[in-house]
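Please read the structure below before turning to the comments.
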Amino acid sequence: MALYTPNCPPSSRFALYSSSSSTHQLMPSSSSVLFSNRGFQERVPKRVYVESRKGQYSNFICMQEAVTVPAPSMETPLKKSKNGALPLTPTAESSDVVGFSKDEADSTVSITVVGASGDLAKKKIFPALFALYYEDCLPKHFTIFGYARSKMTDAELRTMVSKTLTCRIDKRENCNDKMDEFLKRCFYHSGQYDSEDNFAELDKKLKEHEAGKVSNRLFYLSIPPNIFIDVAKCASVSASSSNGWTRVIVEKPFGRDSESSAALTRGLKQYLVEDQIFRIDHYLGKELVENLSILRFSNLIFEPLWSRQYIRNVQLIFSEDFGTEGRGGYFDHYGIIRDIMQNHLLQILALFAMETPVSLDAEDIRNEKVKVLRSMRPLQLENVVIGQYKSHTKGGVTYPAYIDDKTVPNDSLTPTFAAAALFIDNARWDGVPFLMKAGKALHTKRAEIRVQFRHVPGNLYKRNFGTDLDQATNELVIRVQPDEAIYLKINNKIPGLGMRLDRSNLNLHYAARYSKEIPDAYERLLLDAIEGERRLFIRSDELDAAWELFTPLLKELEEKKIAPELYPYGSRGPVGAHYLAAKYNVRWGDLGSDHYRG
């Protein structure tokens, strides 16, 4: 039984992901190839056989310079129960069997984008699928279907999609040909989201394109959460694969609180097993977030420092330099805490603070993340500051207030800014404040992680730094976006005869170091979903733990009708955020004059 790789470039390496923490590898002696697990590498023979205790196959991603090996017979097909729904008991799919089914010549992948006429599909999903095709990381036989209520022909869908497609900067010579080939694989079916008959019609079209091959089907739900369950039901009953795998990607928001999130999970699990549900948080697919664990666990200089003994505080900062601008109606229903903090920033915090997992297996990593979330101290109102942007005139231009949006009520108390101090009550992080800050209509666009280390005990040079020792502490900054970078602030002597000290940056600026364009987060996550790799997707107990932390706070804010502090459009946010940081003897790292810009 040989490991199967998709149609990646002939000169690609592949990274292998075990579906179980314990695998047995049978390796005949032959020429070797690099065997990679996204960061840890060893040499193994070119011809690799992998067998787990359950007889499952491991997963992989396309990397550079690969070899291809024969393809095995893969996942056991999902069988429907008497009512036509997918089973609730574990099957081959729910037992972490991953990869494409059978030989590539005998299998196909059908990707259905539900909500194909929406902005997310047009701006992110279709371009990400094209990028994967452009990099030769989709299987040889694949079909893409758009599904929505809008009436549209195949040609009209292709015209719509073509307007948002771009090619890699370093591979533009055959761009138009690739686009034409990709668009020929795109089709459209119009139907209602709650119609089993419409999905049965979609099933017939999918079967025509699958042409008798083993069919693997991926449904991307780019739709509002109130219709997730209807679509999951119809797809499961009328359009699931009969002889391959069926998976469903669900976009956030996953509810508004613990109760609605639990109800959504229960509804989905009526028709899908947990391992068929891929809850996507696109921030987990960003290059610098994925690099976080590699930075920590594969560099000896960082791992020993990753604790309360050396780290004074950790800051997770998200800011946008624009307002809601047309999304006010949607945003007012959720607010910045639900939209950014409860998912994006909390997921990054869990990855940052988790203990060393047993392996890089998805379940081992997600187990450690859940432990972090369950160890967190309940959020108190006194440790939270909320704000809302108001109108402001700058340079002769008047910027609107949040409530100036016609889709937002004039008396709205929905926060567009929030800052919070969180604590993890475990041995590693006891007493270390984790400060979160997220806001719209601020002075800059940024997402970053800032790790501020403690003062050097008995610092011999403290007189040279003056009275503000905070300026002399080391700081590790991981800039997630834009202009990705990792830099470490250190103290050093300025050349000359005197003893003058300076604060400098040791930096890894991605644009300067790597010529290759960084893939979009959706590309990585879509590829992982196709391959069945769940490491960057959110498990249901993770989701429960995240909502358990934020739901009491959200209810208190809404029940007490806490008024947000107003801050001018384009400013650094409400003053209250600075007082919150000062309460824990912390200065926000993104406000300093020495902020590195790459």
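Under this note's numbering, read the sequence shown as residues 17 to 614, first letter to last. Every residue gets a Cβ at the ideal spot worked out from N, C-alpha and C, and that includes glycine. The structure displayed is predicted, hence computed values, not measured ones.
Kindly indicate which three-state DSSP category residue i falls into: helix, strand or coil?
| i | result |
| --- | --- |
| residue 601 | coil |
| residue 236 | strand |
| residue 394 | coil |
| residue 126 | strand |
| residue 615 | Since the first and last residues shown for the chain are 17 and 614, residue 615 lies out of range. |
| residue 354 | helix |
| residue 142 | helix |
| residue 50 | With a pLDDT of 40 at residue 50, under the threshold of 50, the modelled position of this residue cannot be trusted; read the value that follows with caution. Residue state, collapsed to three classes: strand. |
| residue 430 | coil |
| residue 282 | helix |
| residue 619 | Any property of residue 619 remains undetermined from this structure, which presents the chain solely from 17 to 614. |
| residue 404 | strand |
| residue 412 | coil |
| residue 419 | helix |
| residue 98 | Since pLDDT at residue 98 reaches only 40, below the 50 mark, its modelled position is unreliable, and no value is offered. |
| residue 310 | helix |
| residue 206 | strand |
| residue 134 | coil |
| residue 317 | coil |
| residue 546 | helix |
| residue 201 | coil |
Considering only their Cβ atoms, is the gap separating residue j from residue i smaller than 8 Å?
| i | j | result |
| --- | --- | --- |
| residue 556 | residue 290 | yes |
| residue 218 | residue 495 | no |
| residue 157 | residue 220 | no |
| residue 392 | residue 439 | yes |
| residue 274 | residue 575 | no |
| residue 270 | residue 395 | no |
| residue 203 | residue 262 | no |
| residue 268 | residue 497 | no |
| residue 425 | residue 329 | no |
| residue 588 | residue 459 | yes |
| residue 582 | residue 404 | yes |
| residue 387 | residue 367 | no |
| residue 141 | residue 538 | yes |
| residue 266 | residue 296 | yes |
| residue 306 | residue 312 | no |
| residue 146 | residue 173 | no |
| residue 351 | residue 430 | yes |
| residue 288 | residue 264 | yes |
| residue 585 | residue 461 | no |
| residue 503 | residue 490 | no |
| residue 323 | residue 470 | no |
| residue 572 | residue 389 | no |
| residue 562 | residue 361 | no |
| residue 340 | residue 415 | no |
Within 10 Å of its beta-carbon, does residue i have 16 or more other beta-carbons around it, so buried, or fewer, so exposed?
| i | result |
| --- | --- |
| residue 277 | buried |
| residue 232 | buried |
| residue 284 | buried |
| residue 282 | exposed |
| residue 292 | buried |
| residue 325 | exposed |
| residue 27 | Confidence in residue 27 is poor, its pLDDT being 39 and thus under 50, which makes the residue's placement unreliable; the coordinate value appears in the next sentence. Under this definition residue 27 is an exposed residue. |
| residue 597 | buried |
| residue 554 | buried |
| residue 399 | buried |
| residue 518 | exposed |
| residue 346 | exposed |
| residue 214 | buried |
| residue 401 | buried |
| residue 135 | exposed |
| residue 124 | buried |
| residue 338 | exposed |
| residue 130 | buried |
| residue 549 | buried |
| residue 316 | exposed |
| residue 411 | exposed |
Measure from the C-beta of residue i to each C-beta in chain B and report whether the shortest distance is under 8 Å.
| i | result |
| --- | --- |
| residue 305 | Here there is only one protein chain, and chain B is not present. |
Across the stretch 419-439 and the stretch 450-458, are there enough close Cβ pairs to call them in contact, namely three or more that are closer than 8 Å? yes
Ranges of the beta strand (DSSP E) found wholly within the stretch 500-544, counting only runs of at least 3: 501-509 and 517-525
Go through the stretch 214-270 residue by residue and report every complete run of the alpha helix (DSSP H) that reaches 4 residues or more, in order.
244-254
Contact between the stretch 519-532 and the stretch 235-244 is defined here as three or more beta-carbon pairs at a separation below 8 Å; is this criterion met? Not touching, per the Cβ criterion.
*Determine contact between the stretch 325-341 and the stretch 460-473, defined as no fewer than three beta-carbon pairs at a distance below 8 Å.*
yes
Are the stretch 249-256 and the stretch 536-544 in contact at 8 Å, needing three or more beta carbon pairs? As far as the Cβ criterion goes, the stretch 249-256 does not touch the stretch 536-544, which means the pair count is below three.
Worksheet entry | Cβ contact check for the stretch 159-169 and the stretch 190-209: 3 or more pairs under 8 Å | yes
Counting only runs of 3+ residues fully inside the stretch 327-383, write out the beta strand (DSSP E) ranges in chain order. 327-335
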